[in-house]
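Note sheet for the following structure.
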Amino acid sequence: MAEKKKINYGKEFSKGILKQNPVLRLVLGTCPTLAVTTSVSNAIGMGIAATIVLVCSNIVISALRKVIPDKVRIPAYIVIIAAFVSMIQMLVKAYIPALNKALGVYLPLIVVNCIILGRAEAFASKNPVLASACDGLGMGIGFLTTEFLMGTVREIIGAGTWFAGIQDLLVIFGNNPLGGWNGFDFTEGLAKTGLAPITLFILPCGGFFVFGVLMACANKLADKKHLPKAEKVGCASCPMAENCNIKSGGNCEKPAAAVKGEAE
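Count the sequence shown with this note's numbering and you get residues 97 to 360, in order.
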């Protein structure tokens, strides 16, 4: 009888923070990352919501991995993820309405966040529950850390504030959980020196710039730690690879134009 592979839970947890950071190393979930990181409060709210969904969906999908038929696994994963997203959205609407308003459509769009579906397909569907929970938590913390860093840079430089609106995020703990403190405001100090926030940083182009800088820093740090570079795996990891392969006559790795040309 073959021995069971020993799982290093610490490694499964830590890999998502830098080695396989979902945003900076795997380049997943960039849409919400760029959209909601105009302030740290919004970034933290999105990061926590996505992490909860990621951990819970990983646990359930891993527990049901031997029950869900292979042919309908993707729809099943989406249903499971959507159920947790709906619960999170209802809780946020009920207890943190300001955050729900700030995140807008990006909160329900967690359902199609490629980080969550990607971990379900690549890890949770093939590994035990505890390992999947560690993987989800690590990836979630990696996503949350990236959101926090981007939100910090963009809010400080673009708006001249930091943690503005934090009271709205912590309203579930009472009316004044931080004694009335509602973030830092550097605008008056900047005005005295004749400077002003660079509003470009809270616009989409500023988000892409900060994203690129953080990605370069993450890659540099990974090189210093001699971490392996992200490898191109082609279509094999895509859930729709089988269908594409059938339609392209077994040439799914080739560009569509090339396949069309050969068919003619």
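Every residue, glycine too, gets a C-beta built ideally from N, C-alpha and C.
Give me, in chain order, the residues of the same chain whose beta-carbon lies closer than 6 Å to that of residue i; leave out the 5 immediate sequence neighbours on both sides.
i           : result
residue 253 : 294, 297
residue 206 : 146, 149, 181
residue 261 : 137
residue 196 : 188, 189
residue 263 : 278
residue 209 : 125
May I ask which residues mark the beginning and end of the alpha helix (DSSP H) holding residue i?
i           : result
residue 315 : 300-320
residue 110 : 105-110
residue 194 : 193-199
residue 214 : 210-215
residue 294 : Element bounds for residue 294: n/a, residue is neither H nor E.
Excluding the five sequence neighbours on either side, which residues of its own chain have a C-beta within less than 7 Å of the C-beta of residue i, listed in chain order?
i           : result
residue 328 : Note that residue 328 has pLDDT 47, beneath the 50 cutoff, so the model's placement of it is unreliable and no number is given.
residue 273 : 266
residue 142 : 128, 132, 199, 202, 243
residue 204 : 181, 185
What does DSSP give as the partner residues of residue i in its beta bridges?
i           : result
residue 257 : 281
Assign residue i to one of three DSSP states: helix, strand, or coil.
i           : result
residue 134 : coil
residue 185 : helix
residue 287 : helix
residue 158 : helix
residue 225 : helix
residue 119 : coil
residue 167 : helix
residue 203 : coil
residue 124 : coil
What do you reckon, are the CB atoms on residue i and residue j nearer than 8 Å?
i           : j           : result
residue 250 : residue 134 : yes
residue 247 : residue 283 : no
residue 238 : residue 112 : yes
residue 268 : residue 202 : no
residue 55  : residue 137 : With the chain represented from 97 up to 360, any question about residue 55 goes unanswered, as that position is not in the structure.
residue 259 : residue 279 : yes
In its own chain, which residues sit with a C-beta less than 8 Å from the C-beta of residue i, not counting the 5 before and 5 after it?
i           : result
residue 234 : 108, 109, 110, 111, 112, 113
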